[in-house]
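In what follows, a structure is listed as structure tokens, so that the remarks can point back to it.
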Amino acid sequence: MKKNDILTGTVIDYTHEGNGVVKIDGYPIFIPHVVKDEQITFKLIKQNKGFGIGKLISIEEESQDRVTPPCIYYQQCGGCNIQHLNYDAQLTMKENQVKNLVQKMTKLDVPVKSIMGMEHPWRYRNKSQLPVQYKDGIVTGFYKPRSHDIVPIEECLIQKESHDHLMNVIRQLLEKYQVSIYDERKHKGNLRHIILRSGTKVNETMVVFVTKSHKMMNIEAIADELMTQFPAVTSVRQNINPDKTNVILGHQSKTIKGNDHIHDRLDDLLFEISDTSFYQVNHAQTEKLYHQALQYAELTGRQNVIDAYCGIGTIGLFMASHAERVYGVEIVEKAIMDAKRNAENNNLANTHFETGRAEDIIVKWQQEGIKPHVVMVDPPRKGCDAVFLETLLELAPERIVYVSCNPSTLMRDIQLLKEKYHIEEITPVDMFPQTTHVEAVCKMTLKG
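Residue numbering for the sequence shown follows full-length UniProt numbering, starting at 1 and increasing by one per position.
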């Protein structure tokens, strides 16, 4: 077997990236856009020591789980990678992914509940991040897989429908006003990205222009036209990112027209969302996720809750009406300012938010006599800081509710926490249909 060989085989499993796995004489080969149990013919295009990469040539025996992807850009765009699977098969794949991680990484017999899926797994993204390039005209869209080459798009079936029309009009306005477009290879030009954020329960939309320099020619005129054509656009902002980087946002933003934030509701709670705020992109699934976390917390109104990695306070405020008191900590000062304002706007006086590292602030609170019954953690993809986990073990709250956007790092952190905690249950949640990403909520209770 060598590179460029034409091979046949049966798809026996999926990788965590959603590629099919075929084994030839025990050697695993990963092939995109195939379905488990399909008989396929493929070309071996890359051969590494431990695995190979294949390219599908033909399907000899098709799975009943295969569907025709409705998106016309699916074969080019890197945004979705499992549209060729029917939704039930997507959910099964993600649930099995979590179960396999539990078995391989924790060696514990932890119940994994049925995954929480979406009733309508399309048009769910309330945030669109659109890179901009100049290629025989201004193009907006999404990157091809593993590249910074843009696929120009007119519509995206996983973003809000209103964003389709808005992004197309913005592109026309950029052409009309001859806006300078950033070239990342030369680090020249100005406009880098367009970001659209919308409320789901509140009909407000923010448009953010991410630029290299502080000035963007005709940005005020563009803002005026957008707010005239789209009454839901209540905020036009500019974010300045002068660095040679693939990080989208810079550290400085300013309002061009309208408000500096938009609003949305989770259940009955009203939240202010800025251009830099972390706010879950799938509203319907966020409410399910938070209700599951609330159920795992088992609050009766008499418990103190610490919300570590609290962001703008969404989970903590969701818990506040069920708790004695909620304490939130977050390293980003702007997020804490937002959390305090969100608490005030919702008349939740039993909350307290502080800026700092979770492991430091929790120790400070402990010294002040604050003893939490429940600790909520919702860390970034890299998982919890090791020092924070050690601090958590010393603090020994009755319950930990861990919300994870990366089950691999959840399992890693469980390895440390299982010393003192029973890992009671994990519920996977499908926050990103048509992609391989899966989130999970885990309930842990103190031993003894």
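Idealized CB from N, CA, C, for every residue including glycine. Nothing here was measured: the structure is a model prediction, and the numbers come from that model.
Three-state secondary structure assigned by DSSP to residue i
i	result
VAL169	helix
PRO407	helix
THR351	strand
GLY316	helix
LEU266	strand
ASN203	coil
HIS437	coil
GLU330	strand
GLU155	coil
ILE426	strand
PHE388	helix
ARG237	strand
GLU38	coil
LEU7	strand
TYR296	helix
residue 456	Residue 456 lies beyond the residue range present for the chain, which begins at 1 and ends at 448; the question has no answer from this structure.
GLU61	strand
GLU161	helix
GLN75	coil
HIS283	helix
GLU272	strand
Any non-hydrogen atom of the ligand NAD closer than 6 Å to residue i Cβ
i	result
GLU155	Among the components modelled here there is no ligand, and therefore nothing to report on the ligand NAD.
C-alpha distance - residue i paired with residue j, whole-angstrom precision
i	j	result
HIS33	THR68	11 Å
CYS442	GLU220	47 Å
TYR27	ILE170	49 Å
TYR402	VAL377	5 Å
HIS373	LYS418	18 Å
MET216	HIS251	17 Å
ALA396	LEU174	55 Å
VAL247	HIS193	11 Å
TRP365	PRO145	45 Å
VAL22	GLU95	21 Å
ASP264	GLN39	47 Å
ASN346	SER147	43 Å
TYR421	GLU204	43 Å
LEU85	ARG123	17 Å
GLU354	HIS291	24 Å
GLN367	ASP88	50 Å
PRO121	MET319	27 Å
GLU184	MET1	40 Å
GLY258	PRO231	11 Å
GLN75	PHE142	12 Å
MET227	PRO428	39 Å
PHE42	GLU61	13 Å
HIS165	GLU154	8 Å
LEU266	LYS49	48 Å
MET116	GLY189	44 Å
THR234	GLY9	54 Å
ILE31	ASP360	46 Å
VAL332	VAL207	23 Å
ASN19	ASP13	8 Å
GLN285	ALA297	18 Å
ILE306	THR409	21 Å
Residue of the options minimising C-alpha distance to residue i
i	options	result
ASP385	LEU416, ASP37, GLN367 and LYS186	LEU416
SER128	LEU44, ILE29, MET167 and VAL112	MET167
PHE51	ASP109, ASP25, GLN75 and GLN64	ASP25
ILE282	ASP109, ASN48 and GLU119	The amino acid at residue 282 is misidentified as Ile; the sequence shows Asn. Comparing Cα positions, the closest option is GLU119.
THR211	ALA349, ASP149, LEU348 and THR245	THR245
SER277	ILE312, ILE153, ASP413 and LYS43	ILE312
CYS71	LEU191, SER235, VAL208 and CYS80	CYS80
residue 450	ARG66, ILE400 and ASN48	It is not possible to answer for residue 450, since the shown part of the chain is limited to 1 through 448.
LEU44	VAL35, LEU389 and LEU7	LEU7
ALA308	ASP243, LEU130 and ILE362	ILE362
THR391	THR106, HIS16 and ALA358	ALA358
ARG125	HIS163, HIS214 and GLN83	HIS163
ILE370	ILE82, HIS261, ILE53 and GLY328	GLY328
VAL202	GLN103, SER321, ILE273 and ASP149	ILE273
SER180	ARG197, LEU157, LYS160 and GLN133	GLN133
Min CB distance residue i to chain D below 7 Å
i	result
PRO433	This model lacks chain D altogether; it includes just one protein chain.
Okay, do the region 119-138 and the region 95-106 touch, 3+ Cβ pairs below 8 Å being the bar? No: fewer than three Cβ pairs fall under 8 Å.
Completely contained beta strand (DSSP E) runs for the region 91-148, where each covers 3 or more residues: Fully enclosed beta strand (DSSP E) runs of no fewer than 3 residues occupy 127-134 and 138-143 of the region 91-148, in order along the chain.
Would you call the region 300-315 and the region 335-351 touching, i.e. three or more CB-CB distances under 8 Å? With a cut-off of 8 Å on Cβ pairs, the region 300-315 is in contact with the region 335-351, counting three or more such pairs.
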